[in-house]
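Asks:
Number of protein chains: 2
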Amino acid sequence: MDTPVVHRRHFLIGAAGVAVASTVPGMGGLAFAQEAIGTQAPTTPLPDYASWKKPEAMIVHTELTLETRRPFIGTSSVVPSNILFVRNNLEPPDSAIVADADAWEVAFEGVAQPRTMTVRELKQLGIATVPTVLQCSGNGRGLFDHEASGSPWLTGAAGCVVWSGVPLRAVVDALGGVAEGARFVTNTGGEVIPEGIDANEVLVERSVPIENVDTIILAWEMNGEPVPLAHGGPLRVIVPGYYGVNNVKYVKRIAFTEAESEADIQQTGYRVRPVGESGAPDQPSMWQMKVKSWVTHPVVETPSGPIQIHGVAFGGINPVQRVEVSTDDGQSWQEAQLLDPDLGRYAWRSFVLPVELPSGTYSITSRATDSEGNVQEQTTEPNHRGYDYSGWDRLAVEVTVL
Amino acid sequence: MDTPVVHRRHFLIGAAGVAVASTVPGMGGLAFAQEAIGTQAPTTPLPDYASWKKPEAMIVHTELTLETRRPFIGTSSVVPSNILFVRNNLEPPDSAIVADADAWEVAFEGVAQPRTMTVRELKQLGIATVPTVLQCSGNGRGLFDHEASGSPWLTGAAGCVVWSGVPLRAVVDALGGVAEGARFVTNTGGEVIPEGIDANEVLVERSVPIENVDTIILAWEMNGEPVPLAHGGPLRVIVPGYYGVNNVKYVKRIAFTEAESEADIQQTGYRVRPVGESGAPDQPSMWQMKVKSWVTHPVVETPSGPIQIHGVAFGGINPVQRVEVSTDDGQSWQEAQLLDPDLGRYAWRSFVLPVELPSGTYSITSRATDSEGNVQEQTTEPNHRGYDYSGWDRLAVEVTVL
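Chains A and B, in that order, are what the protein sequence lines are. Every letter in the first sequence is one number past the one before it in full-length UniProt numbering, and letter 315, counting from 1, is 315. Every letter in the second sequence is one number past the one before it in full-length UniProt numbering, and letter 388, counting from 1, is 388.
(1) Does B/Asn212 come out as helix, strand or coil in the three-state DSSP assignment?
(2) Go ahead and pull the three-state DSSP assignment for B/Gln135.
(3) Please tell me whether B/His310 has its Cβ less than 8 Å away from any Cβ of chain A.
(4) Taking all protein chains shown into account, do 16 or more other C-beta atoms lie within 10 angstroms of the C-beta of B/Leu402, making it buried, or fewer, making it exposed?
(5) For A/Ala368, count the other beta carbons within 10 Å of its own beta carbon; 16 or more makes it buried, fewer makes it exposed. Which is it?
(6) Given 8 Å as the limit, is there contact between the segment 156–164 of chain B and the segment 53–73 of chain B, that is, 3 or more CB pairs closer than that?
(7) Expressed to the nearest angstrom, what Euclidean distance is found between the alpha-carbon atoms of A/Asp214 and A/Leu168?
(8) Quick one, which of A/Glu277, A/Gly165, A/Pro306, A/Glu324 has its alpha-carbon nearest A/Val295's?
(9) Decide if A/Arg271 is buried, meaning its Cβ has at least 16 other Cβ atoms within 10 Å, or exposed.
(10) With a threshold of 16 other CB atoms inside 10 Å of the CB of A/Glu398, please say whether the residue is buried or exposed.
(11) Under three-state DSSP, which class holds B/Arg271?
(12) How many angstroms separate the CA atom of A/His297 from the CA atom of B/Thr186?
(13) Can we say the segment 224–233 of chain B touches the segment 82–96 of chain B, given the rule of at least three CB pairs closer than 8 Å?
(14) Let me check understanding here. Comparing Cα to Cα, which of B/Gly344, B/Ser366, B/Asp329, B/Tyr346 lies closest to B/Val352?
(15) Determine the extent of the beta strand (DSSP E) in which A/Arg367 is found, giving its start and end residues.
(16) So with Cβ pairs under 8 Å, would you call A/Gly224 a contact of chain B?
(17) For B/Pro226, name the three-state secondary structure that DSSP assigns.
(18) Say whether the segment 299–318 of chain A touches the segment 312–319 of chain B, bearing in mind that this needs 3 or more beta-carbon pairs closer than 8 Å, one atom from each stretch.
(19) Would you mind reading off the limits of the beta strand (DSSP E) that contains residue 406 of chain A?
(20) Consider the Cβ of B/Ala128: report whether some Cβ of chain A lies at a distance smaller than 8 Å.
(21) I want to know whether the segment 51–66 of chain A touches the segment 197–215 of chain A - three or more CB-CB distances under 8 Å.
(22) If you draw a straight line from the C-alpha of A/Ser81 to the C-alpha of A/Ala50, how long is it?
(23) Is there a Cβ from chain A that is less than 8 Å from the Cβ of B/Val79?
(24) What does the Cβ neighbour count give for A/Thr188, buried or exposed, with the cut at 16 atoms within 10 Å?
(25) Give a yes or no on whether 8 Å exceeds the smallest Cβ distance from B/Ile307 to chain A.
(26) For chain B, check one thing: does any of its Cβ atoms lie closer than 8 Å to the Cβ of A/Asp340?
(27) So A/Ala263 and A/Glu195 are in contact, right, with Cβ under 8 Å, and what is the actual spacing, rounded?
(28) Could you tell me if A/Val248 is buried or exposed, where buried requires 16 or more neighbouring beta carbons within 10 angstroms of its beta carbon?
(29) Report back the beta-carbon spacing between A/Val86 and A/Pro226 to the nearest angstrom; my notes put them in contact at under 8 Å.
(30) Classify B/Ile197 as buried or exposed, calling it buried when 16 or more other Cβ atoms lie within 10 Å of its own Cβ.
(31) Note down the Cα distance separating B/Ala347 from A/Ile193, rounded to an integer number of angstroms.
(32) Just to confirm the assignment, what range does the beta strand (DSSP E) spanning A/Glu377 have?
(33) At a CB-CB cut-off below 7 Å, which residues of chain B make contact with A/Ser350?
(34) Under the rule that 16 or more other beta-carbon atoms within 10 Å means buried, what is A/Asn383, buried or exposed?
(35) Does the contact criterion of 3 or more C-beta pairs under 8 Å hold for the segment 120–139 of chain A versus the segment 165–182 of chain A?
(36) Cβ-heavy atom distance between A/Arg236 and the ligand GDP below 7 Å?
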């Protein structure tokens, strides 16, 4: 059979843990595949704060960016904490803050009765549990052709996890309601700001539209355990359906504000714009996620006979309605089965399609549609920072059926 | 206020990891509480095959029985693998079997075309994902008054986890269907049988009614990772809604049989009978679980003010319909809220009830009702082996509101 030729750039992880582009046809695909399945030992050791991760499942891009290798994602909907990706904008704070998690303090501002509350107090106000997809804005950056700064994530800067905490609405109600004129929820991370620089240059402070007040939870539990430091413990803001950066870690201040944060990360960072343009506040912010899916098995080669193609799909703020799978580079599509359990609108859903393929090489990919009829795009237009490549074209895997 | 006096026996874990009954009123409650919250360091180290568990969360009864301390269960529905209880009937096999999981072989008998299949082959036949409550038959044994042999589990020989694997139905269909006359699915564990003894004395082989062929899955994945050795990897039989013992680990043989297994574990073990009687095949087998719930927070003491009482509830083969909570030893009840996500009929559901209690001591307990109207019992009649204490009376916690 004809092997579909897929033009794309692939990455090898070099000795220093730095991504190196490979443009050799064929070789690129193989390198991509080997890197993805973890046949190479990690080239950089896990950082101390994440030393409890499963090393063979992780690509260590830098000390602050750890990716989950594609085929380590299973079909159980929930991604276990020990293989979940990590992306920190700054060094995490000292681990002492999770040793006495209930004592962590958060300042609430822009409410009728502003005050500081401890996690211990927040735990008295209410409980909600919500599974969400956590996805870095730069997930898929490695699939763009242009050189965008940041880690060259493939698919593994994403995972679906279960959060428990207090609904922000319950806290706001306890504090007398939101101050008049507020249009944003502005959340500040508890990272230590290095001395001698303008705090706004590095401060992790993100604003999201105030409508999210009814879905945000302040989470002290992830996947049934206290939120680990690597994932934002003692307390993390969870904005369901929004990119990871909005889910501020070690949150120390929650403010209802009239304007967006003055921090660079809000004003000019995480802004979608053409390649070569500078970031500016009038460009779209990386808030709500797009509909997206990808295949997690098979990814390299598989015996002939029956094959269960499976993967994950999500719709950002909308539930996934359907997933189609193509084994011929998008020329034809078959409807996949969505697997139970359905963890809710903000979670991802596993899908499976049983096929029988003769020996050969196939470009296998998936295309999700959400409940509003939004269809996963075929290709993602380049954007300066290489945010969220969601096109089913380059999310495809080249699989050899033996 | 009056402190309700709860007559019950409590356990201290002694230096040898052996449970010691405490009958000192007051002291018993305190010991129970301290033991439950994990203020005591583990007295027995974790066994090698489970060394990756979180030590402070586990009560090590023996090398083969590890219990989750009650307040380590959160509100996220899924119990993370590193705090899930362990109960093995025999030493687990060598860990080499999980290192090459796909090569593990299972013999299928009592089908039209009997044969042996590898996990690799099973993975080609289909995929289903099902969250289930895994609960040891002896969970709650420590709450009975009589001395029943076995570990004195409190509430922590139970957890809710997500399994992925192939539906047994898909395998049976691939093998030409079930042989005529079969009434049971009989599953044999892959433990090494010590030499010089009658295999039936120790063989882990359990039969369940054949109706379960449509719900059983053969799981290679638990909570999104390959099933660890401690939990039955490479392949475990999952019989949703059934006690743990039926969920045979390292399964090496799956047979459709006319009669139940000849192994003692089926014939005389796991049979419910009055105290003092021997086990016999005409007594009820520990198959389907009962409706049950318990409070996981607060368990010892809590500051006054608003309190979020939370816990877990399940209905065996039926979904939980409602949970009520009492703070006065069962004299009055209030309806609790069932938390999302709903992971399906075989999972447990977290519940929460916000209350305000003045300073004092309270007996707090919960009572679940399943979709068929079955109500959790008030007390559990003694049975010889101390199986599944489910009464809301002794599952209560004594809590001091400061």
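The beta carbon of each residue, even a glycine, is placed where N, CA and C say it ideally should be.
Replies: Concretely, from the data shown:
(1) helix
(2) strand
(3) yes
(4) exposed
(5) buried
(6) yes
(7) 7 Å
(8) A/Glu324
(9) buried
(10) buried
(11) strand
(12) 31 Å
(13) yes
(14) B/Ser366
(15) 360–370
(16) yes
(17) strand
(18) no
(19) Since the first residue of chain A shown is 1 and the last is 402, residue 406 of chain A is not available in this structure.
(20) yes
(21) no
(22) 10 Å
(23) yes
(24) buried
(25) yes
(26) yes
(27) With a Cβ gap of about 17 Å, A/Ala263 and A/Glu195 do not count as contacting.
(28) buried
(29) The pair is not a contact, with the Cβ atoms about 16 Å apart (cut-off 8 Å).
(30) exposed
(31) 44 Å
(32) That residue, A/Glu377, is in no beta strand (DSSP E); it is neither H nor E in DSSP.
(33) Thr129
(34) buried
(35) yes
(36) With respect to the ligand GDP, the structure shown offers nothing to examine, as it has no ligands at all.
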